[in-house]
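Read through the structure below, which is laid out as structure tokens, and then see the notes.
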Amino acid sequence: MSLCWRPGVYSSELYDALAAERRNPDAVFCFNAGLWGYDTWTETLEMVLRKGCLGLVVTSYTWQEADDDSDVLQRALDA
Numbered sequence: 000m001s002l003c004w005r006p007g008v009y010s011s012e013l014y015d016a017l018a019a020e021r022r023n024p025d026a027v028f029c030f031n032a033g034l035w036g037y038d039t040w041t042e043t044l045e046m047v048l049r050k051g052c053l054g055l056v057v058t059s060y061t062w063q064e065a066d067d068d069s070d071v072l073q074r075a076l077d078a
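No gaps in the numbering here: position 20 of the sequence shown is 19 in numbering that gives the first Met the number 0, and each next residue is one more.
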């Protein structure tokens with residue numbers, strides 16, 4: 000088991016690079032990401048949820064922000 004920290008956008012290019020190294024993630028952690036406030040999360044969420052990642056953990060500063068993040072996650076799941 001290893002831990003890999005990658006700041007920035009979890010893009011399809013990064014995913015492909017990790018796949019080439021046989022290092023696809025088992026889990027992705029998004030600390031206080033503010034999913035509700037940035038459209039740039041859409042591609043990342045859809046990719047993480049659809050490419051075999053076993054877990055996605057998103058933290059929020061407040062329960063209100065968590066509720067808004069939940070709406071964004073639900074839209075990504077429905078896409």
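Ideal Cβ placement from N, Cα and C applies to all residues, glycine included.
Beta-carbon proximity list for residue i, same chain, < 7 Å, skipping 5 on both sides
i: Gln63; result: none
i: Ser11; result: Met46
i: Ser76; result: Ser is not the amino acid found at residue 76; the sequence shown has Leu there. Only Leu48 meet the Cβ criterion.
Beta-carbon gap between residue i and residue j smaller than 7 Å
i: Thr43; j: Tyr9; result: yes
i: Ala26; j: Gly51; result: no
i: Ala32; j: Val57; result: yes
Best match in the options for proximity to residue i [C-alpha to C-alpha]
i: Leu34; options: Arg5, Cys3, Asn23, Asp68; result: Asp68
i: Phe28; options: Ala19, Ala16, Pro6, Ala18; result: Pro6
i: Pro24; options: Val47, Ser11, Asp70; result: Val47
i: Asp38; options: Arg21, Ser1, Leu72, Leu2; result: Leu72
Cut-off 6 Å between Cβ atoms - residues of its own chain near residue i, not counting five sequence neighbours on either side
i: Ser59; result: Ala65, Asp68
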